[in-house]
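S.K.: Here's a structure for you.
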Amino acid sequence: SHIDDHLRNTRKIAGTFKPFAGGHFTPRGSTGLPVRVVDCPTEGALGLAENCLNALIDEGWANNQIALLTTKDRHPIHLDYYERGATEEYWRDFHANEGEFYGHVLGFKGLERSVVVLCVNGFKDMSRTREQLYVGLSRARRLLVVVGNSGLLEEAGGRELTVALSRAQAWTPAP
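When you line the sequence shown up against the working numbering, it's residues 1057 to 1231, in that order.
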């Protein structure tokens, strides 16, 4: 049996990951806010993703509504927990829901936040890009921001993703 009705995300968010969701998929959420896209070189994606997070807080989103997820290298805050062997503290902080969350897409399966800034800062393994993009694009309930290089996104996610993202709002966060 399939779960055909999809309620977690808005329809605009669901439209971005529909190419990866398989045939039985009917978004039933509200229309929602436009997905935002920040097209940039892969090397600059992490810094721009941080600018996005700060701009979203300036717009009035609470920091505990936001997750910044990377596709390749960990964000320095995430890396610090990892290098200290502080995974218990890391997940306790996530579940305490007191601040923004920094993670890797593959560690965020089954989790969600109101806002996700998906930082496409490269891929270690091109054979896993569809899985990573599916997870990264589907974790936001209300607002999705995709930060990365449009060429890499097309290579990783295919033409359907490019078409879906072409309907998104191009965004340049204030530094």
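All C-beta atoms, glycine included, are put in the ideal place defined by N, C-alpha and C.
1) Could you spell out the range, first to last residue, of the beta strand (DSSP E) harbouring T1126?
2) Pull up the distance between the alpha-carbon of S1194 and that of A1070, whole angstroms please.
3) Whose C-beta lies closer than 8 Å to the C-beta of T1228 among residues of the same chain, with five residues either side of it excluded?
4) What are the residues that DSSP puts in a beta bridge with Q1225?
5) In the DSSP assignment, find the alpha helix (DSSP H) that holds A1101 and state where it starts and stops.
6) Which whole-angstrom value is the C-beta distance of A1152 and F1179, which I expect to be below 8 Å?
7) I'd like the ranges of any beta strand (DSSP E) spanning at least 3 consecutive residues and lying wholly in the stretch 1185-1230.
8) What distance in whole Å lies between the Cβ atoms of V1176 and L1209, which are believed to be in contact at a cut-off of 8 Å?
9) Measure the CB-CB distance between L1162 and V1191 and report whether it falls below 8 Å.
M.R.: Quick answer:
1) As a first step, residue 1126 is located in the sequence shown; it is residue number 70 there, counting from the start. Counting along the chain, the beta strand (DSSP E) containing T1126 begins and ends at I1122 to T1126.
2) For this step, residue 1194 is matched to residue 138 along the sequence shown. For this step, residue 1070 is matched to residue 14 along the sequence shown. When rounded, the distance between both Cα atoms is 7 Å.
3) Here residue 1228 corresponds to residue number 172 of the sequence shown, with the count starting at 1. Around T1228: V1094.
4) Residue mapping note: residue 1225 aligns to position 169 of the sequence shown, counting from 1. Answer is R1092, bridged to Q1225.
5) Indexing the sequence shown from 1 puts residue 1101 at position 45. Here the alpha helix (DSSP H) through A1101 covers A1101 to E1115.
6) Numbered from 1 along the sequence shown, position 96 holds the residue referred to as residue 1152. Numbered from 1 along the sequence shown, position 123 holds the residue referred to as residue 1179. Not confirmed; about 31 Å, so no contact.
7) 1196-1204
8) Sequence index remark: in the sequence shown, residue 1209 carries index 153 (1-based). Sequence index remark: in the sequence shown, residue 1176 carries index 120 (1-based). Contact holds; Cβ gap of about 6 Å.
9) Translated into the one-based positions of the sequence shown, residue 1162 becomes position 106. Translated into the one-based positions of the sequence shown, residue 1191 becomes position 135. Yes.
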